[in-house]
Amino acid sequence: MDASTERATRIRQHYNGLAPRYDNMISTTERLLIPEGRAWVGSQASGDVLEIAVGTGRNFEHYPDSVAVTGIDLSPEMVEIARGHARRLGREVSLVVGDVERMPFRDATFDTAVSTLSLCTVPHPERALREVWRVLRPGGRFVALEHVRSPNPVVRLAQRVLNPLSLRYGCDNLLREPLDFLEPAGLEVEFVARSKLGLIEQVVARKPAR
Ligand SMILES: C[S@@+](CC[C@H](N)C(=O)[O-])C[C@H]1O[C@@H](n2cnc3c(N)ncnc32)[C@H](O)[C@@H]1O
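What follows is the structure, encoded as structure tokens:
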């Protein structure tokens, strides 16, 4: 098994184990750090929407009825819970178990790609964002809500100290910054907002129209 497959396997196992507890576990953090974040993401989505690393589908209730949602995630257990969420909401969502670094979608399929609290976990965000570029239609938008490396030196120092533990036990990199990967992937940044001491970042980027 090469190093990349090994990391993906570890992440899948981690989230398969966490899946039954994920919603409970994250809801308090969400209330503190991103109280309006998921609603903001939903408000930015239009047309054919792809949610990368969709997890348990916590954004589903925030999408307008007018959009068609597809979600992809490595963990079959997270996807199963997402299926249940969609069913309870009476929302038709197409869900795929797969790797966002090699997505099984044709070029230029989606109008919006969404990522929430995901780029911290995906092993190679640069590969995932190149894939996002590929599957977006020209003029399509990437909308992200992520916890990131803080520009505040005190917070960043704490993140550096905690990161080895977070990576080992949570498969969660505290030092990622999506802006490092967007322009190299061909996505033009249109909007950035930071909050909560720079821990939380909202980003909108666009695949240039031809
Ligand atoms: C912290 S959870 C976030 C879930 C969801 N986006 C949310 O907002 O609650 C991270 C998710 O990323 C998924 N993931 C990590 N690496 C992935 C990859 N390479 N391809 C697909 N999903 C991946 C995990 O399985 C997990 O469901």
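Sequential numbering from -13 applies to the sequence shown in the working numbering.
We put the CB at the ideal spot given by N, CA and C, even for glycine.
Identified DSSP bridge partners for residue i
i      : result
Val189 : Ala130 and Val178
Leu122 : Phe96
Unbroken alpha helix (DSSP H) run spanning residue i, endpoints
i       : result
Arg(-8) : In the sequence under discussion, the amino acid at residue -8 is Glu, which differs from the Arg named in the question. Per DSSP, Glu(-8) belongs to the alpha helix (DSSP H) from Ala(-11) to Leu19.
Leu153  : Pro139 to Gly156
Gly23   : Gly23 to Gln30
Phe46   : Unbroken run through Phe46: none, as it is neither H nor E.
Leu165  : Leu165 to Leu168
Residue i, enclosing beta strand (DSSP E) - first and last residue
i      : result
Gly57  : Ala54 to Asp59
Val215 : Residue 215 lies beyond the residue range present for the chain, which begins at -13 and ends at 196; the question has no answer from this structure.
beta-carbon residue i near ligand 1 non-hydrogen atom, thresh 8 Å
i        : result
Gly3     : no
Asn149   : no
Val118   : no
Gly76    : no
Tyr8     : yes
Ser61    : yes
Gly33    : no
Met(-13) : no
Arg(-2)  : yes
Ser101   : yes
Ala130   : no
Val(-5)  : With the sequence shown as reference, residue -5 is identified as Thr, and Val is not the correct amino acid for it. Not so, every heavy atom of ligand 1 lies at least 8 Å from the Cβ.
Glu87    : yes
Pro109   : yes
Arg44    : yes
Gly41    : yes
Ala25    : no
Ser84    : For the sequence presented, residue 84 should be read as Gly rather than Ser. Yes; taking the cut-off as 8 Å, the Cβ of Gly84 has a heavy atom of ligand 1 nearer than that.
Pair within 9 Å by beta-carbon distance, residue i and residue j
i      : j      : result
Arg69  : Val53  : no
Gly126 : Arg196 : no
Val100 : Ala72  : no
Val134 : Arg180 : yes
Leu185 : Ser152 : no
Gly23  : Thr102 : yes
Thr56  : Asp34  : yes
Ala171 : Glu112 : yes
Cys157 : Tyr8   : no
Pro124 : Pro194 : yes
Glu47  : Gly3   : no
_Suppose only complete runs of 3+ residues qualify. What are the beta strand (DSSP E) ranges in the region 65 to 120, listed by chain order?_
Counting only runs of 3 or more, we get 79 to 83 and 96 to 102.
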